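FYI, in the numbering used here the residues of the sequence shown are 56 to 216.
Glycine included, each C-beta is placed from N, C-alpha and C at the ideal position.
This structure is a prediction, so every number in the text was calculated from the model and none was measured.
Since the structure comes first, as C-alpha cells, the remarks are kept for the end.
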Amino acid sequence: MTDSSTRRTVLTTGTAALAVACVGCGNNNGNGSSTTSGTPTSSGTPASPASPTAGASASGSASSAAGNALAQTSDIPEGGGTIFKDHKIVVTQPTKGEFKAFSAICTHEGCTVSQVVDGTIDCPCHGSKFHIADGSVAHGPATRPLPAESITVSGNSITMG
Numbered sequence: 056m057t058d059s060s061t062r063r064t065v066l067t068t069g070t071a072a073l074a075v076a077c078v079g080c081g082n083n084n085g086n087g088s089s090t091t092s093g094t095p096t097s098s099g100t101p102a103s104p105a106s107p108t109a110g111a112s113a114s115g116s117a118s119s120a121a122g123n124a125l126a127q128t129s130d131i132p133e134g135g136g137t138i139f140k141d142h143k144i145v146v147t148q149p150t151k152g153e154f155k156a157f158s159a160i161c162t163h164e165g166c167t168v169s170q171v172v173d174g175t176i177d178c179p180c181h182g183s184k185f186h187i188a189d190g191s192v193a194h195g196p197a198t199r200p201l202p203a204e205s206i207t208v209s210g211n212s213i214t215m216g
C-alpha cells in the first residue's frame, strides 16, 4: 500500500464520519418534527413536515413590521412553545397568558433544540429535555438549565428585549 492510498483512505473515512456526525446534529429528530430557518416551529405535539400547517401560523407575523417582533401571543400554544431558529430563542406559554423565553441552544453540547412537546423543550442530539416553565433540566444528559431570554409582551405582540 502506498502513502497516497493511506492518505486517501484516511480522508475518505474522516469525511464519511463527519457527514454522519452532521446528520446526527441536524434539526430533524426522526419523528417528523423539524424546524426550517426563518420559520418558527410551534409545538404542543410533534409537527409533520408534510402538513402545510405544521409550523406556527407565526411565519407571517414573525417577520413583520418591527425588526425584533417575534410573534403574536396567539401563535404560542398554551402548554407548548415555538422555536425561532434564526433568533436562537424558544418562547413558551406554560399557562394561559404566561410567556417565557429561553435560549434555543442546548447547554449539553450546543445543538439547537428541535421541538416543544408534552411540557418540555427537546434537544435532538442526545435527548436532553427542559421544562417549559423555567428552562430547568427535565432529562439529561444536560446538567444546566436553558438560559432565560428577555421578551416583551405588549397587547398581542411578543418582541425580543
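Q) Which ranges would you report for the beta strand (DSSP E) in the stretch 148 to 210 if only whole runs of at least 3 residues count? A) Within the stretch 148 to 210, the runs of beta strand (DSSP E) that reach at least 3 residues and sit entirely inside it are, in chain order, 155 to 158, 170 to 172, 175 to 177, 184 to 186, 192 to 194, 206 to 209.
(Q) Just to confirm before moving on: does the CB-CB distance between residue 124 and residue 143 stay below 8 Å? (A) On the sequence shown, position 69 is the one that residue 124 refers to. On the sequence shown, position 88 is the one that residue 143 refers to. Going by C-beta atoms, residue 124 is not nearer than 8 Å to residue 143.
Q) At what residues does the beta strand (DSSP E) containing residue 135 begin and finish? A) Locating residue 135 in the sequence shown gives position 80, where the first residue counts as 1. From DSSP, the beta strand (DSSP E) with residue 135 extends over 135 to 139.
(Q) By DSSP's criteria, residue 128 is part of a beta bridge. Which residues make up the other side? (A) By 1-based counting over the sequence shown, the position of residue 128 is 73. In DSSP, residue 128 forms no bridge with anything.
Q) Is it buried or exposed for residue 110, if we count other Cβ within 10 angstroms and need 16 for buried? A) Position 55 of the sequence shown, counting from 1, holds the residue named residue 110. Residue confidence for residue 110 is low, a pLDDT of 31 falling below 50, so the modelled location carries little weight and cannot support an answer.
Q.
Suppose contacts are defined by Cβ-Cβ distances below 8 Å. Is residue 155 in contact with residue 167 by that definition?
A. For the purposes of this step, residue 155 is taken as the residue at position 100 of the sequence shown. For the purposes of this step, residue 167 is taken as the residue at position 112 of the sequence shown. For residue 155 and residue 167, no; Cβs fall outside 8 Å.
**Q.** Closest residue to residue 140 among 157, 188, 134, 200 (Cα-Cα distance)
**A.** Counting from 1 along the sequence shown, the entry for residue 140 is found at position 85. Closest option to residue 140, Cα to Cα, is 157.
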